[in-house]
Amino acid sequence: MNTSTRTFRITVRGAFADLTDDQRAELLARAEEHDMLRAAFTPEGHLSYDLATRPAFTFRFLDSGEEEEDILEATERAEEAATAWLAERGYGHTPLRSSAEDLSQAPLGKRQRREAARKNH
């Protein structure tokens, strides 16, 4: 059977809760590197937030697998990584919510459709 690698984008969302003044100051001091405009899906996970606006945060993970079902394990790994990052720093948070996308199942964008059509002619 011909298997190809599937790329997964996993988003883990939550909100900071019960932060101390020091934790809030630390997050605000590092806000630039976690700016929403710099958000990217990475294997190690990218955290973005705008604490000055609201306590919500988003981790974006890039993972892969060979089977459609591998997305479940990838999502579990992403949640564990996000939980570990928060726990290491002692940041309280609301329950995490995750969503995952298998890019092999995603509809092609306009440019991708044009490129695919060009290759087929």
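In terms of the numbering used here, the sequence shown opens at residue 7 and continues consecutively.
Idealized CB from N, CA, C, for every residue including glycine.
- Taking the Cα positions, Ile77 is about 30 angstroms away from Leu57.
- Per DSSP, the unbroken alpha helix (DSSP H) holding Glu94 starts and ends at 76-95.
- Bridge pairing for Phe47: absent [DSSP].
- Taken through DSSP and simplified to helix, strand or coil, Ser104 comes out as strand.
- Beta-bridge analysis with DSSP links His52 to Arg66.
- Rounded to whole angstroms, the separation of the alpha carbons of Ala62 and Asp28 is 18 angstroms.
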